[in-house]
Each structure stands twice: as structure tokens, then as C-alpha cells.
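Position in the sequence shown counted from 1, then plus 469, gives you my numbering.
Note sheet for the following structure.
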Amino acid sequence: MTDLQATLRFHLRRKTADLHHRLDTHIGAFRTRVDYGRYLQSAELFRRLAEPELTAASDEGWFGDWRPGLVHDALAADLGDCGLEPAPGVEQILALADPAAAWGALYVAEGASLGANILLQSAEAIGFSATRGARHLAAQSRRSTPWPRFTALLDSRTDLDPERMVDGARMMFETALACFDPATGSSNPSTKLAAFA
Ligand code: HEM
């Protein structure tokens with residue numbers, strides 16, 4: 470086993486740090502309920518694209534006994550709590566064609582839970598909670614508990630091509646960025662999605 474393979478998680482972290490930073494900057498903190506509503510629409514759109522792909526990969530048996538954390542239904546309920554409609558549908562650009570790309574994408578989807586505690590605090594400060602408007606953030610915060618088990622499983626997948634995993638992880642981050650990018654916003658995300666499809 471090479472050093473690279475022994476630390477797949479840190480390899481993925483290094484190779485996607487630029488995209489995480491951009492995403493973090495785009496999302497920022499929610500200072501107003503309007504900010505939060507925009508975030509919810511973008512997050513719902515992202516999970517609407519990502520979760521069917523992760524579920525299909527899981528159904529193929531590519532993740533063994535690991536079940537991806539799914540928060541789309543909670544997000545749809547959060548939108549309903551806020552009286553908001555989902556953003557318009559967009560063309561699917563995320564294709565998890567093989568186990569290595571799927572594991573890379575799964576790393577991003579599971580890792581997103583690690584920032585949820587911070588986002589939950591921002592949402593609570595403007596009046597939302599685990600039972601109203603911020604259900605998905607509460608679910609993701611709980612999800613951070615099995616993260617060490619996830620990274621152990623990830624690091625054990627030395628049978629998979631690490632660079633293909635990076636491709637899958639970057640594709641997942643790019644999908645998220647397209648959904649959260651304020652330049653297009655949730656009012657017209659398809660323009661940006663089409664641009665890098
Ligand atoms: C404002 C929004 C966000 C904040 C403040 C945030 C913050 C954080 C924090 C604090 C960590 C833990 C870092 C560590 O323990 O080393 C983390 C990890 C991570 N986040 Fe985010 N995050 C945000 C959004 C997202 C989103 C939307 C995604 C994915 C779509 C994402 C993907 C990840 C991944 C993959 C990791 C794991 C990195 C590792 O391997 O340690 N994050 N984030």
C-alpha cells in the first residue's frame with residue numbers, strides 16, 4: 470500500500486480544498502430569513518440532484534453496508550415550513566458511473582454534515598429549529614457522529630483508483646457550487662449548470 474492509498478480521506482480533502490473553500494464562501498452565514506430561504510432552495514436543489522445518484526450507487530452494492538445520509542425529504546419539509554417553493558428542476562449533471570467515483574462523491578455528501586453544526590447555530594439565531602425550518606441541519610448534525618467509521622471505511626478502499634475518487638468528489642462539489650452560486654442564484658440555476666455540463 471502506498472502512502473497515498475493509506476490516507477485516501479486526506480488525499481480527497483487536499484484535492485478538493487479549493488472547492489470547499491469556494492462553497493463555504495458562497496454559503497456564508499445566514500444573517501436574515503431571506504438569506505436562509507435562498508440557502509434552503511439551493512440546498513434542496515443540490516440534494517435533489519445528488520441523492521438519487523447516491524441511492525443508485527448504494528443499490529448497486531458499491532458502498533457495502535454503508536447507507537448514505539439522505540436529507541432531501543427534511544429539506545422539502547423545511548421549504549414548506551418557510552412557505553417556499555422548490556427551485557425549478559435542472560438537467561442532471563452528476564453521473565456516478567463506477568464505484569471509485571461514487572465513493573469520492575459519497576465522501577463529499579457525508580462530509581457536508583461536519584459543517585452543519587455551524588449552519589444550525591446560524592439558523593437558530595434567526596428563529597429556525599430542528600422542528601421548524603432547520604430539520605435537515607439537525608439531521609446532518611446527528612449524522613456527523615458516524616464520520617470516523619465512514620473515514621475508516623473510505624481509507625480501507627485501497628482497491629479503488631484514488632484519482633477517479635478525486636474526480637467523483639470534485640464532480641459532487643461542482644454540482645453543489647452550481648446550486649449555491651449567488652451569481653445565478655436559485656432563481657435560475659440551470660444557466661450555470663448548463664455552462665459546465
Ligand atoms: C457554509 C457552509 C459550510 C461550512 C461552514 C462548512 C464547514 C466545515 C467544517 C468546519 C468542516 C470540518 C473540517 C475538519 O474537521 O477538518 C467541514 C468538513 C467538510 N465539509 Fe464543509 N462546510 C460547509 C459546507 C459544505 C458543503 C455544502 C459541503 C458539500 C457539498 C461540504 C463538504 C465538506 C466535506 C467533504 C468535509 C470533510 C473534509 C475532511 O475530510 O475533513 N461542506 N466543513
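Each residue gets a CB set at the ideal place from its N, CA and C atoms; glycine is no exception.
Query                                                                                           : Result
Residue range of the unbroken alpha helix (DSSP H) whose run includes Gly596                    : Careful: Gly596 lies outside any alpha helix (DSSP H) and carries neither H nor E.
Option in Arg611, Asp636, Ala638, Leu629 with minimal Cα separation from Gly538                 : Arg611
Best match in Leu481, His480, Ala512, Leu477 for proximity to Asp493 [C-alpha to C-alpha]       : Ala512
Any non-hydrogen atom of the ligand HEM within 7 angstroms of Arg500 CB                         : no
Local Cβ density within 10 Å of Leu575, reported as buried at 16 or more and exposed below that : buried
Burial state of Thr501, where buried means 16 or more other Cβ atoms lie within 10 Å            : exposed
Arg626, DSSP secondary structure in three states                                                : coil
With 16 other Cβ atoms within 10 Å as the buried cut-off, status of Thr441                      : This structure does not reach residue 441, given that the chain is present from 470 up to 666, and the question cannot be answered.
Host alpha helix (DSSP H) of Glu554 (start-end)                                                 : Taken as a continuous stretch (DSSP letters only), Glu554 belongs to no alpha helix (DSSP H), as it is neither H nor E.
Coarse secondary structure for Arg612, derived from DSSP in three states                        : helix
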